[in-house]
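Engineer:
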Amino acid sequence: MAADRDVFRAPKGMLDVLPPESARWIDVVTRFAERARRFGFGLLMTPILEHYEVFQRVGENTDVVRKEMYEFVDRGGRHLALRPEGTAPVVRAFVQHRPPVPWKVWYVAPNFRAEQPQKGRYRQHWQLGAEVLGPPDPDIDVETIALAHGFYRDLGLKQVTLLINSMGDDESRARYVDVLTAYWREHASLLGDEMARAEANPLRILDSKREDWQEMLEHAPQLGEYLTDESRTHFEHVEAGLQALGIDYDIAPRLVRGFDYYTSTVFEFTSNALDAAQNAVGGGGRYDRLAADMGGPPTPGMGFGIGIERVLIACDSEDVLPVPEPHCDVFVVDAVGGTEATRLAYELREAGLTVERAYGGRAVKKQWSAADRSGAQYGVMLAPKEMEQGKVAVKDMRTGEQVDVPRDEVAAVIATRLEGRPS
RNA sequence: GUGGCUGUAGCUCAGUUGGUUAGAGCGUCGGGUUGUGGUCCCGAAGGCCGGGGGUUCGAGUCCCCUCAGUCACCCCA
7 MAADRDVFRA PKGMLDVLPP ESARWIDVVT RFAERARRFG FGLLMTPILE HYEVFQRVGE
67 NTDVVRKEMY EFVDRGGRHL ALRPEGTAPV VRAFVQHRPP VPWKVWYVAP NFRAEQPQKG
127 RYRQHWQLGA EVLGPPDPDI DVETIALAHG FYRDLGLKQV TLLINSMGDD ESRARYVDVL
187 TAYWREHASL LGDEMARAEA NPLRILDSKR EDWQEMLEHA PQLGEYLTDE SRTHFEHVEA
247 GLQALGIDYD IAPRLVRGFD YYTSTVFEFT SNALDAAQNA VGGGGRYDRL AADMGGPPTP
307 GMGFGIGIER VLIACDSEDV LPVPEPHCDV FVVDAVGGTE ATRLAYELRE AGLTVERAYG
367 GRAVKKQWSA ADRSGAQYGV MLAPKEMEQG KVAVKDMRTG EQVDVPRDEV AAVIATRLEG
427 RPS
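This is the structure in structure tokens:
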């Protein structure tokens, strides 16, 4: 039996986001939503739960599916899982509803993975993402990458690098996997216990960070050399498109990404400003077979996910997108009691002002102190002397200047004054 | 899942070779007289010293286990 103090806290690896920090989240999501809208993407909201099989399709060889999924059987006996990644639900929704293509959607949603938490890696993390189901046109790859690229720029991030690679089509990859597997076998002694993994999923070894493998990895055969003409042409078109848009990128021959469904173009955005090992702030690629794998019409797809927590860590490192200062137009100080303060605050808020007040009948001095801390531009005090004349005291918190204003005109007077002082 | 580091008030941290009622700063609340903030002064609340077990006359200090945080591997956003 766990003690209360162990249980009444957020689960391991999961974060609470409190004000004022949460204001940055609003900012991040708003900017992404705005950009996605301009690119022609609509918001897609899917359940946080899917049938287990939906995610099983994204790759039975991936750790995310094999050992990191939160899954359970519900009361109706259904085998369900909490979403571990964003693409599968989108494709599932596409297959279910059969919207006309190209289908361009974006999302913001929490993902769940039962991993060991560390910096930039949480058991619940939020992703912003965009996906396009439609033709395998490389222009779609370019536009989608441009959407993500511009988003980082909107936030003010400068040290984000775009890495791209091609996984090729089935034929390309089949040829490559043969060569690569042979290469791993030559180095079986170095691979040791991981040889089984190298056999099961040869590509996954390529981007390992193990230092003792780096020498071997650098000399490994590269996928780029085994692309079919069709795959090569597609990739060249993507490159040409990025160049046309002035988007810098590096080709990363060993970039393979973590999910089985990727084909053709894959890409990743990494932050050079992150001192953490988890420096990928976004990534995605093409998945030209996934829709068909889920029983839908064969429809190529392209998309990406962006980790919000990691983006915010990157923003901290680069010192951009600071937590906003608390904003308050008016603080109501109540020296009379009754319902007047409630009425005045309500009236000012209905007039469009941001209003705070004190509660609990605190001493006037304490209320002014609270007004100061609130960051309010103006303090409005309800007090007996002024009220006898049908007025209230309006104080400019910055200058300390205070004047009496007719009760009926308070909202208008303050609104007018604030206009000349954009905060 | 594996390994390193850490765990004392809401926050940041002190706590001397184990020795009496565990401290500070910040924050919060209250006071410095009649209705006015930011500075200053005074005061208060707030800690099963993460939890459990052990060693000891005695443990916040030592040992073991556990939980949590953190960093790294694996993997991924």
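So that you can map any letter, position 35 of the first sequence is 41 in our numbering, and since no number is skipped, the others follow by simple counting.
For each residue, glycine too, the CB sits at the ideal point set by N, CA and C.
Keep in mind that this is a model prediction, so the values were computed, not measured.
In whole angstroms, what is the alpha-carbon distance linking E27 and P53?
Structural biologist: Distance between the alpha carbons of E27 and P53: 26 angstroms.
Engineer: Cα-Cα, which of R89, E74 and G48 is closest to W109?
Structural biologist: Answer by Cα proximity: G48.
Engineer: Quick check on the burial criterion: 16 or more other C-beta atoms within 10 angstroms. Buried or exposed for L153?
Structural biologist: With 16 or more other Cβ atoms within 10 Å, it is buried.
Engineer: Mind pulling the alpha helix (DSSP H) runs of 4 or more residues that sit fully within the stretch 43-115?
Structural biologist: The qualifying runs are 58-62, 69-72 and 93-103.
Engineer: Would you list, in sequence order, the uninterrupted beta strand (DSSP E) runs of no fewer than 3 residues that lie entirely inside the stretch 363-409?
Structural biologist: Counting only runs of 3 or more, we get 382-388 and 397-402.
Engineer: Could you check the C-alpha separation between D22 and L88 for me, to the nearest Å?
Structural biologist: Going by the C-alpha atoms only, they are around 18 angstroms apart.
Engineer: Where are the beta strand (DSSP E) runs, 3 residues long or more, that stay fully inside the stretch 188-240, in chain order?
Structural biologist: Listed in chain order, there is nothing to give.
Engineer: Thinking M300 and R63 are a contact (beta carbons under 8 angstroms), I'd like their distance in whole angstroms, please.
Structural biologist: 6 angstroms between Cβ atoms; contact.
Engineer: What residue from D294, V419 and R423 has the CA that sits closest to D143's CA?
Structural biologist: Closest option to D143, Cα to Cα, is D294.
Engineer: On a CA-only basis, which of P306, I170, P332 and D325 is nearest V101? Give me that one, please.
Structural biologist: Selected option, being the one with the closest Cα: P306.
Engineer: With a cut-off of 8 angstroms on the beta carbons, I'd call A136 and F14 a contact; round off their distance for me.
Structural biologist: 37 angstroms between Cβ atoms; not a contact.
Engineer: To the nearest angstrom, how far is it from the Cα of P202 to the Cα of P25?
Structural biologist: Residue 202 is actually Ala in this sequence, not Pro. Rounded to whole angstroms, A202 to P25 spans 48 angstroms at the Cα level.
Engineer: Tell me the DSSP secondary structure of D294 in three-state form.
Structural biologist: DSSP places D294 in coil when its eight states are reduced to three.
Engineer: Roughly how many angstroms separate the alpha carbons of D325 and T68, rounded to a whole number?
Structural biologist: If I take the Cα positions, the gap works out to 35 angstroms.
Engineer: Given that a residue counts as buried once 16 or more other Cβ atoms are within 10 Å of its Cβ, and exposed if not, what is Y268?
Structural biologist: Flag for Y268 reads buried.
Engineer: Is the beta carbon of L196 closer than 8 angstroms to that of V111?
Structural biologist: No. Outside cutoff.
Engineer: Between A115 and M387, what straight-line distance do the alpha-carbon atoms span, to the nearest angstrom?
Structural biologist: Computed Cα separation, rounded: 44 angstroms.
Engineer: Residue range of the beta strand (DSSP E) that H333 falls in?
Structural biologist: It is not in any beta strand (DSSP E) - H333 carries neither H nor E in the DSSP assignment.
Engineer: Should E224 be labelled buried (16 or more other beta-carbon atoms within 10 Å of its own) or exposed?
Structural biologist: Classification of E224: exposed, given that the 10 Å Cβ count is below 16.
Engineer: How many whole angstroms separate the CB atoms of M403 and A377, which I take to be in contact at a CB cut-off of 8 angstroms?
Structural biologist: Right, the Cβ-Cβ distance comes to about 7 angstroms (below 8 angstroms), so this counts as a contact.
Engineer: Taking the DSSP output, what are the residues bridged to I257?
Structural biologist: I170, per the DSSP bridge assignment.
Engineer: Take H57 as the anchor and find which of F275, L86 and A282 has the nearest alpha-carbon.
Structural biologist: The option with the nearest alpha carbon to H57 is L86.
Engineer: Enumerate, from N- to C-terminal direction, the unbroken alpha helix (DSSP H) stretches of 4 or more residues contained entirely within the stretch 302-331.
Structural biologist: Counting whole runs of 4 or more residues, the stretch 302-331 contains the alpha helix (DSSP H) stretches 314-324.
Engineer: Does the stretch 27-41 come into contact with the stretch 68-85, if we say contact requires no fewer than three beta-carbon pairs (one atom in each stretch) closer than 8 angstroms?
Structural biologist: No: fewer than three Cβ pairs fall under 8 angstroms.
Engineer: Looking only at its own chain, which residues have a Cβ that is under 7 angstroms from the Cβ of G290, when we skip the five neighbours before and after it?
Structural biologist: So the list reads F273, G309, F310 and G311, once near-sequence residues are dropped.
Engineer: Given 8 angstroms as the limit, is there contact between the stretch 270-286 and the stretch 168-183, that is, 3 or more CB pairs closer than that?
Structural biologist: Yes, they touch.
Engineer: What first and last residue would you give for the beta strand (DSSP E) that runs through V138?
Structural biologist: From DSSP, the beta strand (DSSP E) with V138 extends over Q130 to L139.
Engineer: Leaving out five residues on either side along the sequence, give the residues of the same chain with a beta carbon under 8 angstroms from the beta carbon of K397.
Structural biologist: So the qualifying residues of the chain are D410, V411, P412 and R413.
Engineer: Would you say the stretch 173-187 touches the stretch 326-342, given that touching needs at least three Cβ pairs under 8 angstroms?
Structural biologist: They do not touch, by the three-pair rule.
Engineer: Taking only the alpha-carbon atoms, compute the straight-line gap between L327 and G162 and give it to the nearest angstrom.
Structural biologist: Distance between the alpha carbons of L327 and G162 is about 7 angstroms.
Engineer: Run through the DSSP bridge pairs and tell me what S277 is partnered with.
Structural biologist: Paired residues: V166.
Engineer: Quick one: using the 10 Å Cβ neighbour count with 16 as the cut-off for buried, is M7 buried or exposed?
Structural biologist: Below a pLDDT of 50, predicted positions are generally treated as unreliable, and M7, at 40, falls in that range; no measurement from the model is reported.
Engineer: V148 and G247: beta carbons closer than 8 angstroms?
Structural biologist: Result yes, Cβ atoms of V148 and G247 sit closer than 8 angstroms.
Engineer: Would you give the residue range spanned by the alpha helix (DSSP H) that L251 belongs to?
Structural biologist: Counting along the chain, L251 falls outside any alpha helix (DSSP H), and DSSP gives it neither H nor E.
Engineer: From the DSSP output, in three-state form, read off G289 for me.
Structural biologist: Of the three classes helix, strand and coil, the one that applies to G289 here is strand, per DSSP.
Engineer: Run the CB neighbour count on N117, radius 10 Å, all protein chains shown included, and call it buried at 16 or more, exposed below.
Structural biologist: By the neighbour-count rule (16 or more Cβ atoms within 10 Å), N117 is buried.
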